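Position 131 of the sequence shown, counted from 1, bears residue number 147 in this note's numbering, the numbering being contiguous throughout.
Quick reminder that beta carbons are idealized off the backbone N, C-alpha and C, glycines included.
Keep in mind that this is a model prediction, so the values were computed, not measured.
To start, the structure under review is shown below, and the notes come after it.
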Amino acid sequence: MQFTHEHEQIRDTLKRYIDEHINPYVDEWEAAEIFPAHEVFKGLGKLGLLGLTKPEEFGGMGLDYSYSVLMAETLGHIHCGGVPMAIGVQTDMCTPALARYGSDELRRQFLAPAIAGDMVGCIGVSEPGAGSDVAGIKSVARKDGDDYVISGQKMWITNSLQADWMCMLVNTGEGPVHKNKSLIMVPMRDGPNGQLTKGIEIAGKIKKIGMNSSDTGLIYFDEVRVPQRYLIGQEGAGFVYQMQQFQEERLWGAASSIVAFDNAIEWTVEWAQQRKMFGATLADQQWVQFKLAEVKTEVECLRSLIYQACEKYVAGQDVLEMASMAKLKAGRLGRLVPDTCMQFWGGMGYTWENKVARMYRDTRLAGIAGGADEVMLGIIAKTMGVAKRPEK
Numbered sequence: 017m018q019f020t021h022e023h024e025q026i027r028d029t030l031k032r033y034i035d036e037h038i039n040p041y042v043d044e045w046e047a048a049e050i051f052p053a054h055e056v057f058k059g060l061g062k063l064g065l066l067g068l069t070k071p072e073e074f075g076g077m078g079l080d081y082s083y084s085v086l087m088a089e090t091l092g093h094i095h096c097g098g099v100p101m102a103i104g105v106q107t108d109m110c111t112p113a114l115a116r117y118g119s120d121e122l123r124r125q126f127l128a129p130a131i132a133g134d135m136v137g138c139i140g141v142s143e144p145g146a147g148s149d150v151a152g153i154k155s156v157a158r159k160d161g162d163d164y165v166i167s168g169q170k171m172w173i174t175n176s177l178q179a180d181w182m183c184m185l186v187n188t189g190e191g192p193v194h195k196n197k198s199l200i201m202v203p204m205r206d207g208p209n210g211q212l213t214k215g216i217e218i219a220g221k222i223k224k225i226g227m228n229s230s231d232t233g234l235i236y237f238d239e240v241r242v243p244q245r246y247l248i249g250q251e252g253a254g255f256v257y258q259m260q261q262f263q264e265e266r267l268w269g270a271a272s273s274i275v276a277f278d279n280a281i282e283w284t285v286e287w288a289q290q291r292k293m294f295g296a297t298l299a300d301q302q303w304v305q306f307k308l309a310e311v312k313t314e315v316e317c318l319r320s321l322i323y324q325a326c327e328k329y330v331a332g333q334d335v336l337e338m339a340s341m342a343k344l345k346a347g348r349l350g351r352l353v354p355d356t357c358m359q360f361w362g363g364m365g366y367t368w369e370n371k372v373a374r375m376y377r378d379t380r381l382a383g384i385a386g387g388a389d390e391v392m393l394g395i396i397a398k399t400m401g402v403a404k405r406p407e408k
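See below:
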């Protein structure tokens, strides 16, 4: 995949914004365990970076998916994992189905402000008893007059403590589990930083071992009323829509790790060239040279896989298998690369402030969130014809 001059202009613009408005504050946000999403998103929105692939009539730029991959990759320059993940939720996880299947009214009300950075969105799929098993969700929406009345719980929801709206997957029928779900837009507040919608309770902020600057919540819904016109697309098609969103989410997640891995290797090379031991530098040790060469090679393989999948996706081909492979590989490298690098930092690598140590904590999530490694393996096995697909 070749990036054009237009791609590089966007990369440079985003990199400047990161250097000026994000990285100087990352340590502060990590300590606070939250970052000012509305402020950061508004800055990105003014630069047109929150709607690269979204329709122009709602404030987007109407570009192809290669620009999402470029943006995800560039966000790897941020010195933590939580802020890039939060941005990715806004651009490539909670908005694709809305942009693709939402009515013009919904897109004006929710998508346009998200692209402008005036609203923060979140995606409500996972629940206390259903994470990677999306078909197992229990939240329900029953009809009452012209409204849906929603009850249930959503857990592990990124951006949810600050979100203005949620793209929520709920059960809207009693049929087969793959055909009884719908995506519904649920206003979380009565305005930016306003009061929570009646019936919504933020039950708690989840304290994680990493991704500290990203706010993650457990949300209760008790008879929450939303108009039936807030349904995205067709009722009962939510599972299919969410699976489509997952393809973009998983490719985005894999792409967002590439530069972060590159940086960890580069930081470690610089450290190894300075660190003296046994009369030489650490970088003079052949074992160190070979291990860093190995992980760099692995990262380049991941980059090639992502770029190939992106090319196929832009061409309109199904990339379920390749997106799953990229997600799987990124999750595994998220354990291998920072672990390998941190070993060479010795005691300095075991300090909380060390950037490689932060990556060690943050990237562990990649093999869990958005579908665990084992789910990716199951998908790949099915596309290979090795495992049986479930009966329709």
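Using the Cα positions of R380 and D300, report the straight-line distance between them to the nearest angstrom. 30 Å
Of the listed residues I200, A47, H95, K170, nearest to S142 (C-alpha basis): K170
Entirely enclosed beta strand (DSSP E) segments - the stretch 195-239, minimum 3 residues: 197-203, 216-221
Beta-carbon separation of D108 and E327 under 9 Å? Taking 9 Å as the cut-off, the beta carbon of D108 is found no closer than this to the beta carbon of E327.
Let me know the alpha helix (DSSP H) ranges lying completely inside the stretch 248-296, each 4 residues or longer, listed in chain order. 254-290
Distance, T232 Cα to Q258 Cα: 20 Å
Extent of the continuous beta strand (DSSP E) to which A403 belongs: Here A403 belongs to no beta strand (DSSP E), and DSSP marks it neither H nor E.
Please state the DSSP three-state secondary structure of Y164. strand
Cα-Cα separation between L247 and Y366, rounded to whole angstroms: CA-to-CA, the gap between L247 and Y366 works out to about 48 Å.
Suppose only complete runs of 3+ residues qualify. What are the beta strand (DSSP E) ranges in the stretch 93-165, listed by chain order? Secondary structure in the stretch 93-165: the beta strand (DSSP E) runs of 3 residues or longer, each lying completely within the stretch, are 137-140, 156-160 in chain order.
Q244: which of S230, P203, N228 sits nearest, CA to CA? When S230, P203, N228 are compared, the shortest CA-CA separation from Q244 is found for P203.
Name the DSSP bridge partner or partners of T174? T232
So, with DSSP's three-state summary, where would you put M182? strand
7 Å CB neighbourhood of T356 in its chain, flanking five on each side removed: K307, V311
What whole-angstrom Cβ distance do G137 and C183 have, given they're in contact under 8 Å? 7 Å
If you count every other CB in all the chains shown that lies within 10 Å of the CB of R319, and 16 or more means buried, which is it? By the neighbour-count rule (16 or more Cβ atoms within 10 Å), R319 is buried.
Nearest to Y376 (by Cα), restricted to the options V330, A296, V240, S273: When the alpha-carbon of Y376 is set against those of V330, A296, V240, S273, the nearest one is in S273.
Use the C-beta contact count for E239: other C-beta atoms within 10 angstroms, 16 or more gives buried, fewer gives exposed. With a 10 Å radius around the Cβ and a threshold of 16 neighbouring Cβ atoms, E239 comes out exposed.
Please tell me whether W268 and G145 are closer than 9 Å, where the distance is taken between their beta carbons. no
Give the DSSP-derived three-state secondary structure of N370 in the structure shown. coil
Assign Q169 to one of three DSSP states: helix, strand, or coil. strand
Inter-residue spacing [alpha-carbon to alpha-carbon] between L149 and G386: Per the sequence shown, residue 149 should be read as Asp rather than Leu. If I take the Cα positions, the gap works out to 10 Å.
Would you check if the distance between the CB atom of M77 and the CB atom of T90 is smaller than 9 Å? no
Per DSSP, the bridge partner or partners of N39: Answer by DSSP bridge pairing: none, since N39 is not bridged.
Can you tell which of I235, K214, N370 has its C-alpha closest to the C-alpha of M358? N370
Keeping to the same chain, check which residues put their C-beta closer than 8 Å to that of G59; ignore five residues upstream and five downstream. Y33, H37, G133
Please classify A48: is it buried, with 16 or more other beta-carbons within 10 angstroms of its beta-carbon, or exposed? By the 10 Å Cβ count, A48 comes out exposed.
In the structure shown, what three-state DSSP assignment does V335 receive? DSSP places V335 in the coil class of the three-state scheme, outside both helix and strand.
Excluding the 5 residues preceding and the 5 following T399 in the sequence, name in chain order all residues of the same chain whose CB lies nearer than 8 Å to its CB. L336, E337, S340
For A113, tell me which candidate among A276, H93, Q25, G140 has the shortest Cα-Cα distance. G140
Please classify L63 as buried or exposed, where buried requires at least 16 neighbouring CB atoms within 10 angstroms. exposed
If you count every other CB in all the chains shown that lies within 10 Å of the CB of M201, and 16 or more means buried, which is it? buried
Assigned exposure category for I173 - 16 Cβ within 10 Å defines buried: Buried, since its Cβ has 16 or more Cβ neighbours within 10 Å.
E390, buried or exposed, once every other Cβ within 10 Å from all chains shown has been counted against 16: exposed
Determine the direct distance from the alpha carbon of G249 to that of A130, and round the result to whole angstroms. 19 Å
Do H54 and Q178 have their beta-carbon atoms positioned less than 9 Å apart in this structure? yes
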